[in-house]
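Trainee: Here's a structure for you.
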Amino acid sequence: MATLKVGLVSPEREIWTGEAKMVVAQTIEGQLGILPGHAPVLGVLLDGSVVKIEPADGGDWITAAVGSGFFSIAGDEVSVLAEQAELGTEVDVEDAREALQAALSAGDDSTAERRARARLRAAGAEG
Amino acid sequence: MAQLRQLRQQIRSVASTAKITRAQEMIATSRIVKAQQAVAASKPYADQITAALTALVSHHVGIDHPLLNEQPEDKRSAVLVITSDRGFCGGYNANVIREAEALIARLREKGREPVPYLVGNKAVTWYSFRDREFADSWKGFSDRPDFASAERVGRRLTEDFLKTDEQGGVGEIHVVYTEFQTMLSQVVQVRRLVPLEISEAERSEAQGVLPAYEFEPTAQAALDLLLPNYIESRIFHMMLQSAASEHAARRRAMKSATDNANDLIGVYTRQMNQVRQAAITQEISEIVGGADALADSGGE
Chain A
267 MATLKVGLVS PEREIWTGEA KMVVAQTIEG QLGILPGHAP VLGVLLDGSV
317 VKIEPADGGD WITAAVGSGF FSIAGDEVSV LAEQAELGTE VDVEDAREAL
367 QAALSAGDDS TAERRARARL RAAGAEG
Chain B
6 MAQLRQLRQQ IRSVASTAKI TRAQEMIATS RIVKAQQAVA ASKPYADQIT
56 AALTALVSHH VGIDHPLLNE QPEDKRSAVL VITSDRGFCG GYNANVIREA
106 EALIARLREK GREPVPYLVG NKAVTWYSFR DREFADSWKG FSDRPDFASA
156 ERVGRRLTED FLKTDEQGGV GEIHVVYTEF QTMLSQVVQV RRLVPLEISE
206 AERSEAQGVL PAYEFEPTAQ AALDLLLPNY IESRIFHMML QSAASEHAAR
256 RRAMKSATDN ANDLIGVYTR QMNQVRQAAI TQEISEIVGG ADALADSGGE
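If you read the protein sequences in the order shown, they are chains A and B.
Just so you know, we're using the numbering used here here: the first sequence kicks off at 267 and counts up by one.
Just so you know, we're using the numbering used here here: the second sequence kicks off at 6 and counts up by one.
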């Protein structure tokens, strides 16, 4: 079966690269599942969402919290570029909880709240 | 004898300076490697965003976005000067500031009004010492820039670019930074960042055809996000290059300082030996002279 070549990069470093069966990303208008053979798309990511990757080697799903950014699909290559990106396994849950509390008490900043929630979701600490 | 003690003291003081400069040199050497790794780590993002932007612009000829448009009616030009926070790096900052001054003079000749934006403590000190005005300044990250800093700088610059002349906006953005070429050569570069120049280039066969993207949600929304990100990523790249250059310049400056100190120690040691030898010789001749005089007087 064909696989996708996935690259998840932030400006400071490459977060994850490898082969994958499927990638799920969230755009401003909704979730988008990407399988091999997808038409070329350039999409804007929802700021503070979770990108999920199913690795081709059959391992566990890889989740990552992403901030503002975009993704491009061309051929069977998927690149996710986000200004802030963090793998679920790297998320400091305590820190994310505090960020969420701070965002909730600040009130009007919905982006910070979404980002904190995305980090928790990526870490699997909150449904 | 006083001279001998003085020389000894000087040697001690030079040796302790040499120790410091040697340590600075070693720190800088290890930081160059880290800075180069940071440049390499930022490359995938920069490549991808350039590729996406290229694809977007080539498929939508006549695409319209304020960041792509010339603004000839705006008479002000932003000049972003990237220097270091700390000194001890030879001519690194002086070179950047000299190029920036040349650029400012050129812009004035063309009838434009240059507006400086400063990165790094050294540029800020230079400007405030001369009571010159500048629009904004950032410092505290020159030796290890992170993307968040580049973002802050980029945001401010694009905001000012999108303002009109009456609101204090600028019509173009130039950057003066130092490009790291090799360990031994770093070159000051002057680039115009905005408006972006779209160059027509033939694509070679090997590169293949650009994918005909669909846009999610719209091409305009994608462009609105991509262009500022692209500018921020360019600024980030320039900051990383400058940081690597700063460390290389510091390493070189500290190395020559250490070498000079060692030379100086050599010179002082020789002088000291000479003085000591002269003193000994003098003592011997005095003793011999004294003994002779004593023998002469005793013989009588």
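The beta carbon of each residue, even a glycine, is placed where N, CA and C say it ideally should be.
Given the structure is predicted, the values throughout are model-derived calculations rather than measurements.
In terms of alpha-carbon separation, which member of H179(B), L299(B), T183(B) lies closest to R196(B)?
Mentor: It is H179(B) whose Cα lies nearest to the Cα of R196(B).
Trainee: Using beta-carbon positions only, say whether G314(A) and R380(A) come within less than 8 angstroms of one another.
Mentor: Closer than 8 angstroms, so yes.
Trainee: Alpha carbon to alpha carbon, how far is A224(B) from V199(B)?
Mentor: So the two alpha carbons sit approximately 20 angstroms from each other.
Trainee: Which of helix, strand or coil does DSSP assign to I339(A)?
Mentor: Of the three classes helix, strand and coil, the one that applies to I339(A) here is strand, per DSSP.
Trainee: Which one or two residues does DSSP pair with I319(A) in a beta bridge?
Mentor: DSSP output for I319(A) lists V289(A), I328(A) as bridge partner(s).
Trainee: Helix, strand or coil for V44(B)? Go by DSSP, reduced to three states.
Mentor: Reduced to three states, the DSSP call for V44(B) is helix.
Trainee: Using only alpha-carbon positions, find the residue among T130(B), S302(B), T274(B) that is nearest to I87(B).
Mentor: Cα-wise, what sits closest to I87(B) is T130(B).
Trainee: Please state the DSSP three-state secondary structure of F93(B).
Mentor: Note: F93(B) maps to coil in three-state DSSP.
Trainee: For V293(B), does the count of other Cβ atoms within 10 angstroms reach 16, so buried, or fall short, so exposed?
Mentor: Exposed.
Trainee: Verify the CB distance criterion: does L347(A) have a CB-CB separation below 8 angstroms to chain B?
Mentor: Yes - at least one Cβ of chain B is within 8 angstroms of the one on L347(A).
Trainee: For S338(A) and R279(A), what's the separation of their Cα atoms in angstroms?
Mentor: The straight-line gap from Cα to Cα measures roughly 18 angstroms.
Trainee: In the structure shown, what three-state DSSP assignment does H179(B) receive?
Mentor: Note: H179(B) maps to strand in three-state DSSP.
Trainee: Identify, in the order they occur along the chain, each residue of the same chain with its Cβ nearer than 8 angstroms to the Cβ of I16(B), setting aside the five sequence neighbours on each side.
Mentor: Once the five neighbours on either side are set aside, the close Cβ partners of I16(B) are I270, Y273, T274, M277.
Trainee: Does Q53(B) have its Cβ less than 8 angstroms from a Cβ in chain A?
Mentor: Q53(B) counts as touching chain A.
Trainee: Can you check which of these residues, G299(A), E352(A), L308(A), is closest to V275(A) by C-alpha distance?
Mentor: Among G299(A), E352(A), L308(A), the Cα nearest to that of V275(A) is on E352(A).
Trainee: Would you mind giving the Cβ-Cβ distance between H242(B) and A40(B), rounded to the nearest angstrom? I have them listed as a contact below 8 angstroms.
Mentor: The pair is not a contact, with the Cβ atoms about 12 angstroms apart (cut-off 8 angstroms).
Trainee: Do the stretch 92-111 of chain B and the stretch 179-194 of chain B make contact, defined as three or more Cβ pairs closer than 8 angstroms?
Mentor: Taking 8 angstroms as the limit for Cβ pairs, the verdict is that the stretch 179-194 of chain B does touch the stretch 92-111 of chain B.
Trainee: Could you name the residues of the same chain whose beta carbon sits closer than 7 angstroms to that of Q11(B), not counting the 5 residues immediately before and after it, in chain order?
Mentor: Closer than 7 angstroms at Cβ, skipping near neighbours: no residue.
Trainee: Please report how far the alpha carbon of G393(A) lies from the alpha carbon of G303(A), in whole angstroms.
Mentor: For G393(A), the predicted structure reports a pLDDT of 48, less than 50, and the residue's modelled location is therefore unreliable. The matter cannot be settled from this model.
Trainee: Which residue comes first and which comes last in the alpha helix (DSSP H) that contains A368(A)?
Mentor: 359-372 is the extent of the alpha helix (DSSP H) around A368(A).
Trainee: 8 angstroms is my cut-off, CB to CB: does A372(A) come that close to chain B?
Mentor: With 8 angstroms as the cut-off, A372(A) does not count as an interface residue toward chain B.
Trainee: Note down, in chain order, all residues in the stretch 268-297 of chain A with a beta-carbon under 7 angstroms from any beta-carbon belonging to chain B.
Mentor: Hits within the stretch, in order: G273, V275, S276, P277, E278, R279, E280, T293, I294, E295.
Trainee: In this structure, what does DSSP give as the bridge partners for L347(A)?
Mentor: Note: L347(A) sits in a beta bridge opposite V275(A), F336(A).
Trainee: Consult DSSP for R10(B) and reduce its assignment to one of helix, strand or coil.
Mentor: Three-state DSSP puts R10(B) in a helix.
Trainee: Can you list, in chain order, the residues of its chain with a C-beta nearer than 7 angstroms to that of A248(B)? Leave out the 5 residues immediately preceding and following it.
Mentor: Within the same chain, A248(B) has close Cβ partners A40, S147, D148, R149, P150.
Trainee: Output needed in chain order: residues of the stretch 302-319 of chain A with a Cβ under 7 angstroms from some Cβ in chain B.
Mentor: Going along the stretch 302-319 of chain A in chain order, one finds A305, P306, V307, L308, G309, V310 with a Cβ nearer than 7 angstroms to chain B.
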